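Report on one structure; see the data block that follows.
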Amino acid sequence: MPRVKFHNAGAIGILQDIPAYDLPPEAWSDGLNVRVHDGAVWKSLGHEKIMDPPSIRTFALFPAFSASGAQLFAYPGLTDIYGTDGTTHTEISRVAGGDYTGTATDLWNGGLLGNILILNNGVDVPQAWISPALGTPVIALANWPASTIAKIVRPYKRFLVAYDVT
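In this text, residue positions in the sequence shown follow numbering that gives the first Met the number 0: the first is 0, and each later residue adds one.
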(Lines of atoms letter the chains of each structure in order from A and count residues from 1; the text may use other names and numbers.)
(Lines give C-alpha, C1' and ligand atoms only; values in the text may rest on other atoms or scores of the structure.)
Protein backbone atom coordinates (compact mmCIF):
# COMPACT_ATOMS: atom_id res chain seq x y z
CA MET A 1 0.00 0.00 0.00
CA PRO A 2 1.47 3.41 -0.90
CA ARG A 3 2.14 6.01 1.76
CA VAL A 4 0.81 9.52 1.42
CA LYS A 5 2.44 12.48 3.17
CA PHE A 6 0.17 15.07 4.75
CA HIS A 7 1.63 18.48 5.37
CA ASN A 8 0.04 20.53 8.17
CA ALA A 9 -1.98 17.54 9.38
CA GLY A 10 -3.35 19.55 12.29
CA ALA A 11 -4.06 22.78 10.43
CA ILE A 12 -7.82 22.26 10.15
CA GLY A 13 -8.82 19.76 12.82
CA ILE A 14 -11.67 17.26 13.09
CA LEU A 15 -14.77 18.05 11.02
CA GLN A 16 -17.43 15.42 11.65
CA ASP A 17 -20.31 17.38 10.12
CA ILE A 18 -18.91 17.36 6.56
CA PRO A 19 -18.70 14.15 4.51
CA ALA A 20 -15.14 12.78 4.42
CA TYR A 21 -15.00 12.91 0.63
CA ASP A 22 -15.59 16.70 0.74
CA LEU A 23 -12.75 17.41 3.17
CA PRO A 24 -9.32 18.70 2.18
CA PRO A 25 -6.40 16.32 2.86
CA GLU A 26 -5.36 18.26 6.00
CA ALA A 27 -8.74 17.76 7.68
CA TRP A 28 -9.78 14.75 9.74
CA SER A 29 -13.24 13.21 9.49
CA ASP A 30 -13.04 11.57 12.93
CA GLY A 31 -10.72 11.10 15.86
CA LEU A 32 -10.70 9.55 19.31
CA ASN A 33 -8.50 10.55 22.24
CA VAL A 34 -6.66 13.18 20.22
CA ARG A 35 -6.63 16.95 20.11
CA VAL A 36 -5.47 19.40 17.50
CA HIS A 37 -3.19 22.14 18.77
CA ASP A 38 -0.58 24.41 17.15
CA GLY A 39 -0.96 22.77 13.75
CA ALA A 40 -0.36 19.24 14.98
CA VAL A 41 -2.39 16.28 16.20
CA TRP A 42 -1.57 15.24 19.76
CA LYS A 43 -2.53 12.34 21.98
CA SER A 44 -5.13 13.49 24.49
CA LEU A 45 -3.74 13.30 27.99
CA GLY A 46 -7.14 13.03 29.62
CA HIS A 47 -9.56 15.35 31.32
CA GLU A 48 -9.38 17.67 34.27
CA LYS A 49 -12.01 18.19 36.93
CA ILE A 50 -13.39 21.70 37.01
CA MET A 51 -15.86 21.14 39.85
CA ASP A 52 -14.77 18.90 42.66
CA PRO A 53 -17.43 18.42 43.93
CA PRO A 54 -20.21 20.57 42.44
CA SER A 55 -22.60 22.21 44.90
CA ILE A 56 -25.66 20.47 43.44
CA ARG A 57 -26.47 17.56 41.16
CA THR A 58 -25.59 19.02 37.78
CA PHE A 59 -27.82 18.60 34.72
CA ALA A 60 -25.89 20.79 32.25
CA LEU A 61 -22.73 22.89 32.01
CA PHE A 62 -22.52 26.22 30.20
CA PRO A 63 -19.39 28.32 29.65
CA ALA A 64 -19.44 32.07 30.22
CA PHE A 65 -16.91 34.88 30.49
CA SER A 66 -16.73 37.70 33.01
CA ALA A 67 -16.25 41.32 31.91
CA SER A 68 -12.50 40.88 32.49
CA GLY A 69 -12.46 37.77 30.26
CA ALA A 70 -12.15 35.20 33.08
CA GLN A 71 -13.65 31.77 32.30
CA LEU A 72 -16.78 30.95 34.31
CA PHE A 73 -19.23 28.08 34.18
CA ALA A 74 -22.94 27.96 35.02
CA TYR A 75 -24.37 24.62 36.07
CA PRO A 76 -28.11 24.24 36.68
CA GLY A 77 -29.73 21.64 38.85
CA LEU A 78 -33.42 20.88 39.28
CA THR A 79 -34.22 23.87 41.51
CA ASP A 80 -31.15 26.15 41.44
CA ILE A 81 -28.39 27.45 39.17
CA TYR A 82 -24.80 27.74 40.38
CA GLY A 83 -21.79 29.47 38.91
CA THR A 84 -18.13 28.64 39.37
CA ASP A 85 -14.71 29.87 38.36
CA GLY A 86 -13.29 26.43 39.08
CA THR A 87 -12.64 27.20 42.74
CA THR A 88 -15.55 29.17 44.17
CA HIS A 89 -19.13 27.95 43.75
CA THR A 90 -21.94 30.51 44.14
CA GLU A 91 -25.69 30.23 43.70
CA ILE A 92 -26.76 32.50 40.85
CA SER A 93 -30.46 31.48 40.76
CA ARG A 94 -33.10 34.07 40.05
CA VAL A 95 -34.01 36.26 43.00
CA ALA A 96 -37.72 36.61 42.16
CA GLY A 97 -39.89 33.65 41.26
CA GLY A 98 -38.67 30.96 43.65
CA ASP A 99 -37.07 27.66 42.75
CA TYR A 100 -37.05 26.30 39.21
CA THR A 101 -39.69 23.64 38.61
CA GLY A 102 -38.14 21.37 35.98
CA THR A 103 -37.56 17.65 36.40
CA ALA A 104 -34.63 15.46 35.39
CA THR A 105 -36.29 14.87 32.00
CA ASP A 106 -36.60 18.62 31.29
CA LEU A 107 -33.20 19.18 29.72
CA TRP A 108 -31.48 22.52 30.22
CA ASN A 109 -30.53 24.28 27.00
CA GLY A 110 -29.34 27.69 25.86
CA GLY A 111 -25.98 29.23 25.06
CA LEU A 112 -24.07 32.48 24.70
CA LEU A 113 -25.67 35.39 22.87
CA GLY A 114 -22.73 37.77 22.69
CA ASN A 115 -21.56 37.66 26.29
CA ILE A 116 -25.02 36.98 27.74
CA LEU A 117 -25.66 33.41 28.82
CA ILE A 118 -29.19 32.23 28.07
CA LEU A 119 -30.51 29.32 30.17
CA ASN A 120 -33.81 27.50 29.66
CA ASN A 121 -35.31 24.32 31.09
CA GLY A 122 -38.49 24.18 29.00
CA VAL A 123 -40.72 24.63 32.04
CA ASP A 124 -39.87 28.06 33.45
CA VAL A 125 -39.35 31.44 31.78
CA PRO A 126 -35.90 31.50 30.10
CA GLN A 127 -33.15 33.09 32.19
CA ALA A 128 -30.28 35.40 31.23
CA TRP A 129 -26.95 35.89 33.00
CA ILE A 130 -26.51 39.46 31.79
CA SER A 131 -23.18 40.27 33.45
CA PRO A 132 -21.54 36.93 34.20
CA ALA A 133 -19.96 37.20 37.64
CA LEU A 134 -20.23 34.91 40.65
CA GLY A 135 -22.12 37.55 42.65
CA THR A 136 -24.63 38.35 39.89
CA PRO A 137 -27.86 36.32 39.71
CA VAL A 138 -29.66 35.37 36.52
CA ILE A 139 -32.85 37.22 35.61
CA ALA A 140 -35.90 36.46 33.50
CA LEU A 141 -35.21 37.05 29.83
CA ALA A 142 -36.17 40.66 29.00
CA ASN A 143 -39.36 41.17 26.96
CA TRP A 144 -40.33 37.51 27.29
CA PRO A 145 -44.12 37.11 27.79
CA ALA A 146 -44.69 36.07 31.41
CA SER A 147 -47.00 33.10 30.78
CA THR A 148 -45.08 31.78 27.77
CA ILE A 149 -42.53 28.97 27.81
CA ALA A 150 -40.37 27.39 25.12
CA LYS A 151 -39.03 23.86 25.15
CA ILE A 152 -35.74 25.02 23.60
CA VAL A 153 -34.12 28.46 23.33
CA ARG A 154 -30.86 28.73 21.40
CA PRO A 155 -28.74 31.63 20.16
CA TYR A 156 -28.12 31.79 16.43
CA LYS A 157 -25.77 34.54 15.28
CA ARG A 158 -27.36 37.69 16.80
CA PHE A 159 -30.77 36.13 17.36
CA LEU A 160 -32.53 33.92 19.88
CA VAL A 161 -34.53 31.08 18.37
CA ALA A 162 -37.29 29.48 20.44
CA TYR A 163 -38.80 26.08 19.64
CA ASP A 164 -42.10 24.57 20.81
CA VAL A 165 -43.43 27.84 22.26
CA THR A 166 -46.62 27.54 24.34
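Idealized CB from N, CA, C, for every residue including glycine. Just so we're clear, the structure is a prediction, and the values are computed from it rather than from any experiment.
Inset, instruction - Report yes if the C-beta distance between residue 42 and residue 32 is below 8 Å; otherwise report no. - result: In contact: residue 42 and residue 32 (Cβ atoms closer than 8 Å).
Legend entry - Residue span of the beta strand (DSSP E) that contains residue 126, given as start and end: Residues 126-128.
Inset, instruction - Quick one: give me the first and last residue of the beta strand (DSSP E) that residue 90 is part of. - result: Segment 88-90, the beta strand (DSSP E) holding residue 90.
Inset, instruction - Find the nearest neighbour of residue 164 within the set 149, 96, 107, judged by alpha-carbon distance. - result: Checking every option, the nearest Cα to that of residue 164 belongs to 149.
Inset, instruction - Rounded to whole angstroms, what's the CA-CA distance from residue 162 to residue 109? Just pull it up for me. - result: The straight-line gap from Cα to Cα measures roughly 11 Å.
Legend entry - Contact check, residue 128 vs residue 122, beta carbons under 8 Å: No, the Cβ-Cβ distance between residue 128 and residue 122 is not below 8 Å.
Legend entry - Cα-Cα separation, residue 157 to residue 9: Those two C-alpha atoms are separated by around 30 Å.
Inset, instruction - Express the C-alpha separation of residue 7 and residue 36 in angstroms, rounding to a whole number. - result: Residue 36 and residue 7: Cα-Cα distance of roughly 11 Å.
Legend entry - Close beta carbons around residue 144, own chain, < 6 Å, minus the five adjacent residues each side: None.
Legend entry - Proximity below 8 Å, CB of residue 120 to CB of residue 105: Cβ distance < 8 Å, so residue 120 and residue 105 count as in contact.
Legend entry - residue 71 versus residue 135: straight-line alpha-carbon distance, rounded: If I take the Cα positions, the gap works out to 12 Å.
Legend entry - Through-space distance from residue 94 to residue 133, alpha-carbon basis: Answer to the nearest angstrom: the Cα atoms are 14 Å apart.
Inset, instruction - Have a look at residue 53 and residue 92 and give me their C-alpha separation to the nearest angstrom. - result: Each residue's alpha carbon lies about 15 Å from the other.
Inset, instruction - Quick one: which unbroken beta strand (DSSP E) runs of 3-plus residues sit fully inside the segment 43-71? Chain order, please. - result: Counting only runs of 3 or more, we get 61-64.
Inset, instruction - Could you please give me the residues that DSSP links to residue 83 through a beta bridge? - result: DSSP, once it has assigned bridges, lists 72, 88 as partnering residue 83.
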